[in-house]
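Count the sequence shown with the working numbering and you get residues 96 to 571, in order.
Even for Gly, the Cβ is constructed at its ideal location relative to N, Cα and C.
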Amino acid sequence: MNILLISPEVFPFAKTGGLADVAGALPEALAKKGHKVSVALPYYQLVKKNGFKPVLFKKNISLRINNREELFNLLLLKHNGVDIYFIEKNEYYDREFLYGTPQGDYQDNAFRFAFYAKAILASIKDIGKQDIYHCNDWQSGLIPLYIKTHYKGDPMFNNVKVLFTIHNMAYQGLFVKDVVPYLDISWDLFTPFGVEFWDKLSFMKAGIIFSDAISTVSKGYSKEILSSEFGCGLDGLLKSREKDLYGITNGVDYSLWNPAIDKFIARKYDERDLSGKAECKKDLAKAFKIKYNARRPLIAMITRLAEQKGIDLVVNIMKDILKEADFVILGFGDEKYNNIFKGLAKKYKGRVGVSVKFDNALSHKIEAGADMFLMPSRYEPCGLNQMYSLKYATVPVVRAVGGLDDTIQNFNAATKKGNGFKFKDATNGALSGAIKDAVTVFKNKKLWGGLLKNCVACGYSWESSAEQYLKLYKNL
C-alpha cells in the first residue's frame, strides 16, 4: 500500500506533544512491514533549528487560496525508510512556534493550515498516487473535505481512502466564518450538518464528516468521546458515525525509550537488573538542583502546563506531596502555570525542581531517575509517558481516564498484581490519596520491588499498533 500520513508535527523534526511521537514512530513501523510510507508536515523554523536539511524536491508549486495564486516549495528528506515531505512557505511557517506564542494562537492559523492541506494535495502528482490518506487532528481536517469536493473525479484520487485520527477532541480548529470563502469552502457546507459549529468553521468537524473512518488513540477514549463529558460538543456527530469509529492504542518506540540503550541517562539498566536506576536518580536530582535522598520518593511530571493535565490539582496539593516526597516537572504551557511553578521552585528550593521548556534529553533523565510519574489528567486520549515510565521502572500514578485507564492497572498489595496507581475523581483529595498509596508501597521495599517487576513486564510496541492500523486501512 502507498500510505501518506499527514501530521502538523513529527518527531524528531518538530514537536510540541505526543502527536509528534506517534507521527514519527507509526510510519516507520508501517514501512518495516513493506509498505511505501510518506509523511507531510510544514517546514517550520524548528525543523531548521533541530539541524535537519531536506533537499528541494519541487520548486514553485502553485495553488489558489485567499482569492489569489500562491507558490510553495516541496522539500524531501529520507529518514529511516520513510519519505518525509516538507511544505516550505516562509510566510506561514518560518516562525518561532508551531501554532502560537505563549500569549495565544497565531491569528492566521486558518490560512496556515488550509494552505498546508491544499499544498499537500497539490503535490500529489509529484509525490505519487496514494491509497491511504491518514490525517491527524484538526490541522489536517480540511484534507478529507478537499478530497471529497475539489478532487472528486480526479484520477489521482480515484479509490483513495481517508482515515482521520483524533488525538485530542478539545482542540478543534475553530475559526470565524468570514474565512470560509477564502479557504475555498462552499457556503453550502457551512451548516449544522456540515462544517459549522456554533457559527464558526470547525476543521475538526470537516475531518470527522468527510473521512471514510475515524480513529482515536485508545479504546477507552473512543468510547469516552461519545459522551457529552468528553465529546466537546461533537458527541452527537460522533454517535452518528459510531460504526466508523475505532480505538487503537498508541505504541512506544522502544528504539528511543529503553533504559538498556538510552544515550541520555547516567547509567543504563534493564528489566533483569534495575540497579542503575539509583545512579539515574542522583543524576536527575543534580540536573534539577534538588537534594538527593534515596529514602524519599522522587515524583516527576513531563507535561503541557494546562488544566487539562490536572496541573491545578498538583499546585493545590504541593504541600502534601512534599511531606513525603520531592518533586520535579518539565513542561511549558499557560503563562499562569509557567510562573506558578517557577515560584514553587524558589519557595521550595532543593525540594522542587522546575524546567519550563521542552527538553528531550531531560525527559529521558526524568523517566530513568524518577520513582513515580504523575499524570492527573482531566482527560487523556492515550498518553505516552505512562508507557515510557513502565519500561523505565518508574511507577505511574494516573487518573483513570482514556488511555491511562486502558494501560495502567491499580496495584493491589494483597494480590501483588497491577502496574501503578489510579484515582477516579479530578479532586485534590483523590490525587493526594493515590500519591499516599504509592508512597506507602514505596516504603515497603519488597512490595515496591514486586511492583517494579510488574511495570517492566508490560509491553506496548508499535509493531502491534501498526498491525491494527493496517487491518483498518484494508477494511476502509
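*As assigned by DSSP and simplified to three states, the class of Met264*: coil
*State the DSSP-derived secondary structure class of Lys358, mapped to helix, strand or coil.*
coil
*Does the distance from the CB of Leu296 to the CB of Lys272 come in under 8 Å?*
yes
*Mind listing, in chain order, the continuous beta strand (DSSP E) runs of no fewer than 3 residues lying wholly within the stretch 497-522?*
516-518
_Between which residues of its own chain and Lys386 is the CB-CB distance below 6 Å, once the five residues before and five after are set aside?_
Gly445
*So, are the CB atoms of Phe259 and Gly315 less than 8 Å apart?*
no
*Alpha carbon to alpha carbon, how far is Lys143 from Gln202?*
Taking the straight line joining both Cα atoms gives about 23 Å.
*Given that a residue counts as buried once 16 or more other Cβ atoms are within 10 Å of its Cβ, and exposed if not, what is Ile356?*
Looking at its Cβ environment, which holds fewer than 16 other Cβ atoms inside 10 Å, Ile356 is exposed.
_Contacts around Val275, its chain only, beta-carbon distance under 7 Å, and the 5 residues preceding and following it disregarded_ = In chain order, Trp282, Phe285, Leu296 place their CB closer than 7 Å to the CB of Val275, counting only its own chain and leaving out the 5 sequence neighbours on each side.
*Are Leu479 and Val551 touching if we call contact CB-CB under 8 Å?*
no
*Between which two residues does the beta strand (DSSP E) carrying Ile160 extend?*
Unbroken beta strand (DSSP E) run through Ile160: 150-160.
*For Pro137, name the three-state secondary structure that DSSP assigns.*
Under the three-state reduction of DSSP, Pro137 is assigned to strand.
*Would you identify the three-state DSSP class for Arg207, choosing helix, strand or coil?*
helix
*Check the C-beta distance from Leu340 over to Ser317 and give it rounded, since I have them as a contact under 8 Å.*
6 Å
*Report yes if the C-beta distance between Asp466 and Ile394 is below 8 Å; otherwise report no.*
Cβ atoms of Asp466 and Ile394: closer than 8 Å.
*asked:* Per the DSSP calculation, Val492 is bridged to which residue(s)?
replied: Leu469, Phe516
*asked:* My assumption, with CB atoms under 8 Å, is that Val257 sits in contact with Val117. Please give the rounded CB distance.
replied: The pair is not a contact, with the Cβ atoms about 18 Å apart (cut-off 8 Å).
*Could you tell me which residues DSSP pairs with Lys295 in its beta bridges?*
Secondary-structure assignment with DSSP links Lys295 through a beta bridge to Val271, Phe292.
_Tell me which residues share the same chain as Lys377 and place their Cβ nearer than 8 Å to its Cβ, disregarding the 5 neighbours each side in the sequence._
Ala361, Tyr387, Gly464
*Lys338 at chain B interface by Cβ criterion, 8 Å*: Among the chains in the structure shown there is no chain B, since it carries only a single protein chain.
_Whether Ile304 touches Ile261 by CB criterion (8 Å)_ = The Cβ atoms of Ile304 and Ile261 lie no closer than 8 Å to each other.
_First through last residue of the alpha helix (DSSP H) which encompasses Cys375_ = For Cys375, the enclosing alpha helix (DSSP H) has its first and last residue at 371-382.
*Measuring CB to CB, does Ser527 end up less than 8 Å from Leu499?*
Against a cut-off of 8 Å, the Cβ pair of Leu499 and Ser527 comes out as no contact.
*Buried or exposed: Lys437, going by 16 or more other Cβ atoms within 10 Å of its Cβ?*
So Lys437 counts as exposed.
*For Met251, does the count of other Cβ atoms within 10 angstroms reach 16, so buried, or fall short, so exposed?*
Looking at its Cβ environment, which holds fewer than 16 other Cβ atoms inside 10 Å, Met251 is exposed.
*Report buried or exposed for Val150, applying the criterion of at least 16 other Cβ atoms within 10 angstroms of its Cβ.*
exposed
*Identify whether Tyr277 lies in helix, strand or coil by the three-state DSSP scheme.*
helix
*Is it right to say Gln198 is buried, meaning 16 or more other beta carbons lie within 10 angstroms of its own, or is it exposed?*
exposed
*Identify which residue in Gly497, Tyr483, Asp520, Asp532 has its Cα closest to the Cα of Asn505.*
Asp532
*Beta-carbon proximity of Leu278 to Ile156, cut-off 8 Å*: no
*Collapsed DSSP secondary structure at Thr535 in the structure displayed*: helix
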